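Protein chains: 4
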Amino acid sequence: MKTVLITAFEPFDGERVNPSWEAVRHLHERMICGAHVVAKQLPCVFDESLRVLNETLDTLKPDLVIAVGQAEGRTDISVERVAININDARIPDNTGNQPIDEAIVEDGPAAYFSTLPIKAIVEGIREAGIPATVSQTAGTYVCNHVMYGLLHALAKQKGPVRGGFIHIPLLPEQAVKHQGLASMPLQTVGLALEMAISIALTVEEDRRLEGGATH
Amino acid sequence: MKTVLITAFEPFDGERVNPSWEAVRHLHERMICGAHVVAKQLPCVFDESLRVLNETLDTLKPDLVIAVGQAEGRTDISVERVAININDARIPDNTGNQPIDEAIVEDGPAAYFSTLPIKAIVEGIREAGIPATVSQTAGTYVCNHVMYGLLHALAKQKGPVRGGFIHIPLLPEQAVKHQGLASMPLQTVGLALEMAISIALTVEEDRRLEGGATH
Amino acid sequence: MKTVLITAFEPFDGERVNPSWEAVRHLHERMICGAHVVAKQLPCVFDESLRVLNETLDTLKPDLVIAVGQAEGRTDISVERVAININDARIPDNTGNQPIDEAIVEDGPAAYFSTLPIKAIVEGIREAGIPATVSQTAGTYVCNHVMYGLLHALAKQKGPVRGGFIHIPLLPEQAVKHQGLASMPLQTVGLALEMAISIALTVEEDRRLEGGATH
Amino acid sequence: MKTVLITAFEPFDGERVNPSWEAVRHLHERMICGAHVVAKQLPCVFDESLRVLNETLDTLKPDLVIAVGQAEGRTDISVERVAININDARIPDNTGNQPIDEAIVEDGPAAYFSTLPIKAIVEGIREAGIPATVSQTAGTYVCNHVMYGLLHALAKQKGPVRGGFIHIPLLPEQAVKHQGLASMPLQTVGLALEMAISIALTVEEDRRLEGGATH
């Protein structure tokens, strides 16, 4: 039986919840397309997040890994295309650490592309009536850090294990306190993530669909 | 028994649905706070919308009227503060009419303020975890037209009948086709409108809460 | 000889300059279309701003009045269509006063429309290659307060004196500290205001051009 | 004497001008910090743009290369951090070509980081009162294509030649036709690019300044 690891973060930046964990924890121990889903919360901390992730990868040996994070202000499910080898923290992480322009992996490649079928995932979620897009940047904070670290770890493994990152909007109850920022209910996000897992498990080759940006 | 009239619009601007009607029609024949709710669809047409509205007001003699409309791009439930006496159509209405800088009511006042307890409505919806704000402009299209016409009609009546307008975001299934625009599910919008009716029926005096804009 | 009064505000909300005054003070004592321009700074204070304005109107007896204010985040010269009879301050004014939902003029009309030829002004500024739009709301802060108070004062006068309000973006040097907000250089704003004065002095009847908003 | 190559694009996407070329051509044959500046226009065409660029690199053997492109909607001078090895065209290029998810360089690395002192450039431009930021994505269109191709070419050279990409906003006269989009005058952009060249020529080690994004 296949195992799927889906990760999310603890709250950060003064929030009391992190929508990524609220959505992901409901998928824990679920069966999706015949695969067993394990949900794991990561600290919003540089390095420590990757230590926990790598430990979980070693123990669980998952066949698919999707990391999820909060992107306040984004309006839809945004499936990240690429992670870059840089930490540049606009705000301190949850231990107060704020690295500026440091490599995530010394001598690592400049970037890793998501190995998820990102276009098929976006298309599938949209067909379910949920707004979704490909994103060309996961930022330079702990989300990008985890995405890069994940893809770096998976690249060193023997078998091909797919991995990637999905950013989600604020929850409505968070957006109440951030006037003007878009939101998406937990249930919708949960459904989208379930579809992402399902598509990543079943679609062999990604769809050739436009999902780019002019800048 | 009190009667509440809640109106919404037919689709416009190339959309196949109008979220306002999708949300409002589920409230038809509902009882809220002991009042009987009647939902009515208005055409997205200058003048004809007001003809239908005024006819309905005459027949129904409601104790409360809330008109609802779609505001693509807005992120939350936005409770309009004021309607202005002008038609200035950026796009043609559903009959192809596109008035520019014409008064809605010749010799009517420049504006009418909503007579709903707008601050209490925003506060109540937010307390339920749904993003909501006061909006300082309902535009200059059919939504503002209906809001102005409604308040003009109510101002001439004897008894004090509260009236106002609420703009709502796109539905998720609409936003799929408008990348980057925020959305709100039907269920959430429906709940918010139900609360708006309930608060408008029960809160006598509006709350003194900040809901302004610097510009 | 005709006299034009152009007003602007002192800095507020923690800014060290107000772009409206920076632009307007260069027009002081200028001759535009044969009219003498007087620039006057108003305090960013409810009531006191109107006291100074009314005093200046009494002394100067201008033939045209344009009030100008800062609108952080706006991208272009935005010519206001309407002022509404409400103070609802999102932030305190420069004396710490923060009125909520109070009428500007007790028993005053709900709103006044600008008596400037707003469409002709927008068209003229655009033809000079400077972005400009009609705005449907001047907010509920001191800018709207001054616009309403101005139009209320002019409405009571005998001769027809045109008046209105123009919002302008941040200056580039202000936007440096507000990442992501648009800006416009002083010189461009100054040119646009000069054109607004010129058009308001010479265009008798406003142009019938689309400048509306669907919401 | 050192040579600086600064490139820009021809108009695309229906525009009649490209602000990048309008700004860059004024720098042609200029001396900045003792270096000779050569401006070169590139076609907005996949592959052909790189053919022209590589030819120019071979002939000119510049000591510094900055490529510049239009980013409609951006509000400031945005100095790109990274280029990724993918073409994913949202719109066709100027020959009608629209590659989807194709590598720019087969077997090339996933990304190249700019070798310009991007933080020092942003800081210097800001100190001159012009809004500037680090951008985490150059998109997936011809701009990113040229940035990646440039850095790939420079990486294979012997001596260390710095290279990178800067996106600029629309010109005011373009923004007139795109209501709501920010703009920046040619003169301001030109000054910012001149400063970027100057800083890239003189600042050995980049400044350690925050310029990241949480997502």
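Residue numbers (the working numbering), protein chains in the order written: chain A, 2 to 216; chain B, 2 to 216; chain C, 2 to 216; chain D, 2 to 216.
From the three backbone atoms N, C-alpha and C, an ideal C-beta is built for every residue, glycine too.
No experiment lies behind these values; they were computed from the predicted model shown.
For this session: Can you give me the Cβ contacts of V18/A inside the same chain, cut-off strictly under 6 Å, excluding the 5 residues immediately before and after it?
Result: Here the question's residue 18/A lines up with position 17 in the first sequence. Excluding residues within five positions, the ones whose Cβ falls inside 6 Å are P12.
Exercise. Between the C-alpha atoms of I105/C and V162/B, what's the straight-line distance to the nearest angstrom?
Worked result: Along the third sequence, one-based indexing puts residue 105/C at 104. Along the second sequence, one-based indexing puts residue 162/B at 161. For I105/C and V162/B, the distance between alpha carbons rounds to 25 Å.
Exercise. Between I119/C and V80/C, is the Cβ-Cβ spacing less than 7 Å?
Worked result: The residue given as residue 119/C occupies position 118 in the third sequence. The residue given as residue 80/C occupies position 79 in the third sequence. Yes. Within cutoff.
Problem set entry | Cross-chain neighbours of F114/C in chain B, by beta carbon under 7 Å | The sequence position of residue 114/C within the third sequence is 113, counting from 1. For F114/C, the C-beta contacts it makes with chain B under 7 Å involve A111, in order along the chain.
For this session: Measure the alpha-carbon distance for K157/D versus N55/D and round it to whole angstroms.
Result: In the fourth sequence, counting from the first residue as 1, residue 157/D sits at position 156. In the fourth sequence, counting from the first residue as 1, residue 55/D sits at position 54. Each residue's alpha carbon lies about 12 Å from the other.
For this session: Tell whether a beta-carbon distance below 7 Å holds between P173/B and G191/A.
Result: Walking along the second sequence from the start, residue 173/B turns up at place 172. Walking along the first sequence from the start, residue 191/A turns up at place 190. No, the pair does not count as a contact, with Cβ atoms beyond the cut-off.
For this session: For D102/B, count neighbouring Cβ atoms within 10 angstroms of its own Cβ and tell me buried if that reaches 16, exposed if not.
Result: Against the second sequence, residue 102/B aligns to sequence position 101. By the C-beta density criterion, D102/B is buried, having at least 16 other C-beta atoms within 10 angstroms.
Exercise. Taking Cβ-Cβ distances shorter than 9 Å, what residues in chain A pair up with G140/D?
Worked result: Sequence index remark: in the fourth sequence, residue 140/D carries index 139 (1-based). Result: Q137, G213, A214, T215 and H216.
Problem set entry | Residues in the stretch 54–77 of chain D having any Cβ partner in chain A nearer than 9 Å | G70, Q71, A72, E73, G74 and R75
For this session: Tell me, please, whether the CB atom of A121/B is closer than 7 Å to any CB atom in chain C?
Result: As a first step, residue 121/B is located in the second sequence; it is residue number 120 there, counting from the start. Taking Cβ atoms only, chain C never reaches closer than 7 Å to A121/B, which makes this a no.
Exercise. Based on the DSSP output, what are the partners of I67/A in its beta bridges?
Worked result: For the purposes of this step, residue 67/A is identified with residue 66 of the first sequence, where counting begins at 1. Paired residues: I7/A and G165/A.
Exercise. Is the stretch 135–146 of chain B touching the stretch 90–101 of chain A in the sense that three or more CB pairs, one from each, lie closer than 8 Å?
Worked result: no
For this session: Output the distance between the C-alpha atoms of N88/B and C144/B, rounded to the nearest integer angstrom.
Result: Residue mapping note: residue 88/B aligns to position 87 of the second sequence, counting from 1. Residue mapping note: residue 144/B aligns to position 143 of the second sequence, counting from 1. Between N88/B and C144/B, the C-alpha separation is close to 10 Å.
Problem set entry | Min CB distance A183/A to chain B below 7 Å | Locating residue 183/A in the first sequence gives position 182, counting from the first residue. Interface residue, yes.
Exercise. DSSP state of I33/D, grouped into three classes?
Worked result: Position 32 of the fourth sequence, counted from the first residue, corresponds to residue 33/D. Here I33/D sits in strand by DSSP.
Problem set entry | Nearest-angstrom beta carbon gap, V123/C and G212/C [assumed within contact, 8 Å] | Here residue 212/C refers to the residue found at position 211 of the third sequence. Here residue 123/C refers to the residue found at position 122 of the third sequence. Confirmed, about 6 Å.
Exercise. Which term fits R127/C, buried or exposed, when burial requires 16 or more other beta carbons within 10 angstroms of its beta carbon?
Worked result: For this step, residue 127/C is matched to residue 126 along the third sequence. Per the 10 Å Cβ criterion, buried.
Problem set entry | Three-state secondary structure (DSSP) of A111/C | Mapped onto the third sequence, residue 111/C falls at position 110. The answer is coil: DSSP assigns A111/C none of H, G, I, E or B.
Problem set entry | Among A111/C, G74/C, P100/C and F166/C, the one whose alpha carbon lies nearest that of G181/D | What you label residue 181/D is simply residue 180 of the fourth sequence in a count that begins at 1. Nearest option by C-alpha distance: G74/C.
Problem set entry | Every unbroken beta strand (DSSP E) inside the stretch 78–163 of chain D [3 residues or more] | 78–81, 83–85, 112–114 and 133–136
For this session: Determine, using beta carbons only, whether C45/C comes closer than 7 Å to chain B.
Result: Taking the third sequence and counting its residues from 1, the one referred to as residue 45/C is at position 44. So, not an interface residue.
Problem set entry | Spatially closest choice to H27/D from E16/D, T8/D, L202/D and D64/D, by CA coordinates | As a position in the fourth sequence, residue 27/D is number 26, starting the count at 1. Ranking the options by Cα distance to H27/D, first place goes to T8/D.
Exercise. What residues of chain A sit near A197/B, judged by a beta carbon separation below 7 Å?
Worked result: For this step, residue 197/B is matched to residue 196 along the second sequence. Those do not exist, as A197/B stays about 16 Å from chain A at its closest Cβ, beyond 7 Å.
Exercise. Measuring CA to CA, which of T4/B, E23/B and L6/B is closest to L171/B?
Worked result: Counting from one through the second sequence, the residue named residue 171/B turns up at place 170. The shortest C-alpha separation from L171/B is found at E23/B.
Exercise. For V38/A, which of helix, strand or coil comes out of DSSP?
Worked result: Taking the first residue of the first sequence as 1, we reach residue 38/A at position 37. Strand.
For this session: Rounded to whole angstroms, what's the CA-CA distance from K3/B to F114/B? Just pull it up for me.
Result: As a working mapping, residue 3/B is identified with position 2 in the second sequence. As a working mapping, residue 114/B is identified with position 113 in the second sequence. Going from the Cα of K3/B to the Cα of F114/B covers about 23 Å.
Exercise. From what residue to what residue does the alpha helix (DSSP H) around N55/C run?
Worked result: For this step, residue 55/C is matched to residue 54 along the third sequence. First-last of the alpha helix (DSSP H) with N55/C: E49 to L61.
For this session: Would you kindly work out how many angstroms separate the C-alpha atoms of L43/B and S50/B, rounded to a whole number?
Result: What you label residue 43/B is simply residue 42 of the second sequence in a count that begins at 1. What you label residue 50/B is simply residue 49 of the second sequence in a count that begins at 1. When rounded, the distance between both Cα atoms is 5 Å.
Problem set entry | L210/A vs C34/A beta-carbon contact at 7 Å | Counted from its first residue, the first sequence places residue 210/A at position 209. Counted from its first residue, the first sequence places residue 34/A at position 33. Result no, Cβ atoms of L210/A and C34/A do not sit closer than 7 Å.
Exercise. When DSSP builds the beta bridges, which residues end up paired with S184/D?
Worked result: Position 183 of the fourth sequence, counted from the first residue, corresponds to residue 184/D. S184/D pairs with L171/D.
For this session: Compute the Euclidean distance between the alpha carbons of L6/B and M148/C, then round it to the nearest angstrom.
Result: By 1-based counting over the second sequence, the position of residue 6/B is 5. By 1-based counting over the third sequence, the position of residue 148/C is 147. Using only the alpha carbons, I get a separation of about 35 Å.
Exercise. Out of H179/B, A40/B and I67/B, which has the shortest C-alpha to C-alpha gap to P132/A?
Worked result: Translated into positions along the first sequence, residue 132/A becomes position 131. P132/A has its Cα closest to that of H179/B, out of H179/B, A40/B and I67/B.
Exercise. Given that a residue counts as buried once 16 or more other Cβ atoms are within 10 Å of its Cβ, and exposed if not, what is Q188/D?
Worked result: Position 187 of the fourth sequence holds residue 188/D. With fewer than 16 other Cβ atoms within 10 Å, it is exposed.
Exercise. Roughly how many angstroms lie between the CA atoms of A41/B and I67/B, to the nearest whole one?
Worked result: For this step, residue 41/B is matched to residue 40 along the second sequence. For this step, residue 67/B is matched to residue 66 along the second sequence. Strictly speaking, residue 41/B in this sequence is Lys, with Ala absent from that position. In a straight line, the C-alpha of K41/B is about 11 Å away from that of I67/B.
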